[in-house]
Amino acid sequence: ESALYDGIVDLLKELKNRGKKIAIASSKPRLFVEEISKYHGIDVYYDFISAEDFKNNHSSKEDLINRCFDFFGNPEKEKVIMIGDRFYDIDGAKAVGVDSAGAVYGFGTEEELSKAGATYILNSPKDLL
Numbered sequence: 002e003s004a005l006y007d008g009i010v011d012l013l014k015e016l017k018n019r020g021k022k023i024a025i026a027s028s029k030p031r032l033f034v035e036e037i038s039k040y041h042g043i044d045v046y047y048d049f050i051s052a053e054d055f056k057n058n059h060s061s062k063e064d065l066i067n068r069c070f071d072f073f074g075n076p077e078k079e080k081v082i083m084i085g086d087r088f089y090d091i092d093g094a095k096a097v098g099v100d101s102a103g104a105v106y107g108f109g110t111e112e113e114l115s116k117a118g119a120t121y122i123l124n125s126p127k128d129l130l
């Protein structure tokens, strides 16, 4: 019951071609994130997945993003961007001090993402490039 947004696979390929590290910071259960990513064939693009397990499902988006920072050895925050389609993603980015890109092709609206303070607004995946 899931589908990829048009242009996501091309974006992920290009980011990897440019040597970028890619992580998922999801409040969904890790098992589901892994299965859905594998089903769509995009699991090969992710270097790390920070998600919930069935024992603990109350992490904040800030905590999930911080797990990514820990995994990557705390990279410079100026070199990191959080991409998300809801205000929770933007709030998490602000909490850890990184730029954010609000993806209006997802579930959230431009109004929601702008109001949350997204650094950038993306109308399509290729806008990130």
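Just so you know, we're using the numbering used here here: the sequence shown kicks off at 2 and counts up by one.
The beta-carbon is built from N, C-alpha and C at its ideal position, and this holds for glycine as well.
Sequence-distant Cβ neighbours of residue 63 in its own chain, meaning closer than 7 Å and more than five residues away, are 93, 96, 97. Minimum Cα-Cα distance from residue 6 among the listed residues 128, 107, 117 corresponds to 107. In this structure, residue 83 and residue 99 form a Cβ contact; the two beta carbons are roughly 6 Å apart against a cut-off of 8 Å. When 2, 14, 27 are compared, the shortest CA-CA separation from residue 127 is found for 14. Contact between residue 22 and residue 52 does not hold, since the beta-carbon distance rounds to 17 Å and is not under 8 Å. As computed with DSSP, residue 12 is found in no beta bridge at all. In the three-state reduction of the DSSP assignment, residue 30 falls in the strand class. For the 8 Å CB-CB criterion, residue 122 and residue 129 do not form a contact. Within the DSSP bridge table, the entry for residue 121 names 102 as partners.
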